[in-house]
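The opening residue of the sequence shown carries number 1 in full-length UniProt numbering; numbering runs sequentially from there. Ideal placement from N, C-alpha and C gives every residue a C-beta, glycine not left out. Below is one structure, written out as structure tokens, with a few remarks after it.
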Amino acid sequence: MIHKAALLALLATLLMPAAVVVPGTAHARTASVNRAGLQVVLEAIGPDLPRDPATEIRISGSLVNSGSEPLSGLRIRMRYSSQPFVRRDELTAYQSGQSPPPAPWRALSYFQVPIEPSGKLPWEFVFTPADLSLSRFGVHPVVIEVVDALDQPVAALRTTVTYMPRDVRVPRTRLAVVLPVVDQPRRSGDTVFADENLAAAMAPGKRLGDLLTIAQDTATAKGLTWVVDPALLDDARALGRPHSVRAKDRPQQRPPSPGAARWLAGFRDAVADHPVVATPYGDSDVLALAHNGVDDLTATGIEAARIVSKETLGRDVITNVNWPVDGMLDHDGLDLLATAGVGTVLLNAPNLPPASPTGTPPGTAPAVTPDASATLNAVTGPVTALVADEPLSETVGADISAPGAALAGRRRFIAETAMIASEPATTTRTVIAVPHRRWDPDPGYVTGLLKTAAALPWLAPVTLEAVKPAKGAPVPRAGLTYTEQDRRQELPRSYMTAVKKVGARADLTAAVTTAVDLDAFDLAMLRLVSSAWRGRTNAAAPYVEQVGEAVDGRIAMVTITGSEQSRLRTLAGRDGDVPISVRNQLGRGDAGRVVVRLRVTSAQPELLRIEPYQDRMVIQGGQNQTVRIPMTSTTASGQTTVRVQLTTDDGRAYGEPIELTVRTTGYTAVALVIVGAALVVMLAAVVLRVLRRRGGRRPPVAAPAEREREPAGTES
């Protein structure tokens, strides 16, 4: 006697409008079902796009029992609808399991054999579009469903079949695919890597290695744009040279990494014919900068991106297009980017959603997919907004590690783009697909998806540069939507405060140097505000500390000379000069040249006055310079304190001040008295001597012999 259930199954099989391949033998025994352990896996479906009513379509896969008990009494069936989806939100709800497929339903079914623990049984359905009464262009729901003997669902897999009759022609939708190559900071300063992980990530089969494989496999693909963080390229360049790695809190020398050099050279060659958009150096968290008063780093990051990208890729890249973190932006961030020269922003759909149609509840999706291009008003004027399509972006960046996920992702991509093409739009539109910035892709999946996109008759691949606003009236947008929850995702204020303190000291080193290149700590500061630290500020804290130590070390290279024991100066008299020397221990020559000012103040101006002096000093690297400071004392003797501080040209204190003790002795006045008295004594002695000489010159008395010679006639 034929079992009743088996008879029903046989009748269902005979009445099928399609051929069904039934593996194994029928079995009708009822058993409890471990719902959590049963999985329907899709393994093959094709062709991607049937265009004739008689084209044979095959859907096959496996039924997997991952539980610990055997399962029996199960029935697997295929359910479908000949009516296509009308709107994309219907397709989204269906694929997420939030709503049933549209009616009417039809089913093809058969019995399945028992499934042992860890067992895997194949299934397959074969049919044609005519069998399913598919007659017009559209996307149709197909469900592979497992039910128990009571017809209760146990497991299900939802997929779609897209049918396009050969005589149907639709306007091609322009598709721009944007692929990011963004990592995380690997260095605190410019010379020392935090660890050895970057080289490992660039190896074949690892994340960055897979991104290189995709770039090489799609070197000739059309409609592809790359978004690259120049900090990653810079790290690869540094790793390919002799470098240092921090180990046990000390830098240790390492030879050049051949793998890093190959990765950089390979990527440069692979993207040579594709447009490349550069994020600000380090992929700055622009919103955190805007909301914490660190505005200047945005323009600095864009300029650094331009310089570093040209050095590493050997050509100019696009820096006036910005892709904010998570594609989310508010008006503060928009204004900050606009003032830094950005004219186009790439946003996610939730950030700039379409306005709800008139008369519908808020959040209602429009009847047609809006064009990707929109216009925003910034403080500098209009800014172009390019809005990524959320379902397409999710599909490109999907995690396909689960069994059947790659095939399901490709089927969803075909369905989503077909739905866009089938909408009642009157103009040609552009859609953009961009996965999340730190995606971990499978090269085969992504490359296959791009090949599929190029082959679909309703798509036209374009680059991001080629995206222009659609003609006609655009679908209105609701405006920038940035919630408090979005703001909480930014780098927190406490972290940004610590970064700002380091930045203020780093600005001092830039203010005194005369170098025309990027400031010594610009790149280090940009690494500290990377979006990679969102939710990971504990991991970033050591970087902040290391940069702070490096900044303080550089400041200490330009100092006022003299030890604690030699900080006593003596002013001989009421006025005089006190020499003060400044040492510049930075690199020799112009590279280390600094311009500083010397500020000298008296603790007691009423006792010791600082006279005017030339305070500006230009000191070459590796040299000293001395300034003589004139001082005047108002007392005959005593001592007071003088504070000496180096400053920048604009008066900001540079380094720590020192204090000198200046002693006034009054020796000059005493010396004048002594010299004056000595002069008086000396003059008196000279006068006395002159007088004595004059007294010794009286008329002489005649000698007696002369008297005898008087004439005799003179006697009486």
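Its Cα nearest to that of R75, the residue A149 stands out among V41, R51, A149.
Cβ-Cβ distances below 6 Å link S530 to P185, G282, D283 in the same chain, with the five nearest sequence neighbours on each side left out; the list follows chain order. Cβ-Cβ distances below 7 Å link V431 to T173, L175, T369, A372, D389, L392, I420 in the same chain, with the five nearest sequence neighbours on each side left out; the list follows chain order.
If you check the CB distance, A219 and D269 come in under 9 Å. In this structure, the CA atom of T481 is about 17 Å from the CA atom of T344.
By the 16-neighbour rule on beta-carbons within 10 angstroms, R315 is exposed. Counting only unbroken stretches of 3 or more residues, the beta strand (DSSP E) elements lying wholly within the segment 48-90 are 57-65, 75-80, in sequence order. Straight-line spacing of the CA atoms in V271 and L352 works out to 30 Å. Between L449 and the set R410, T55, V182, the nearest pair of CA atoms involves R410. For I658, the pairing in a beta bridge is given by DSSP as V644. Pairing A130 with L407 gives a Cβ-Cβ distance that is not under 9 Å.
CA-to-CA, the gap between A355 and T159 works out to about 30 Å. Spanning the alpha carbons of I302 and D335 requires a straight line of approximately 15 Å.
In this model, P114 and V41 are separated by some 17 Å (Cα to Cα). When the beta-carbon positions are compared, Q39 and P403 come within less than 9 Å of each other. About 6 Å separates the beta carbon of P242 from that of P255, a gap short enough to meet the 8 Å contact definition.
Using a Cβ distance threshold of 9 Å, E611 and P630 count as a contacting pair. DSSP places I400 outside both helix and strand once states are collapsed to three, so it counts as coil. Between the alpha carbons of A93 and V86 lies a gap of roughly 12 Å. Secondary structure note for G576: its beta strand (DSSP E) is the uninterrupted segment 575-584. Look at W263 here: in three-state DSSP terms it is helix. With at least 16 other beta carbons inside 10 angstroms of its own, V286 counts as buried. Taking 4 residues as the minimum length, the alpha helix (DSSP H) runs contained wholly in the segment 520-562 are 522-528, 537-555, in order along the chain. Of all alpha-carbon atoms in E196, L212, V228, Q152, the one lying nearest the alpha-carbon of V178 is that of V228. For H274, the secondary structure class from DSSP, reduced to helix, strand or coil, is coil. Counting every other CB atom within 10 Å of its CB across the protein chains shown gives L568 a total below 16, marking it as exposed. In the structure shown, the three-state DSSP call for T483 is coil. Between V582 and V627, the CB-CB gap stays under 9 Å. DSSP places N348 in the strand class (E or B) of the three-state scheme. Within a 10 Å sphere around the beta-carbon of G97 sit fewer than 16 other beta-carbons, which makes this residue exposed. F413 sits in a helix when the DSSP states are folded into three classes. M496 sits in a helix when the DSSP states are folded into three classes. Judged by DSSP in its simplified three-state form, Q152 adopts coil rather than helix or strand.
Nearest to D183 by C-alpha distance, out of S62, Y80, A199, S401, is A199. With respect to the 9 Å criterion, S188 and V547 are classified as neighbours on the basis of their beta carbons. For T173, the enclosing beta strand (DSSP E) starts and ends at 173-181.
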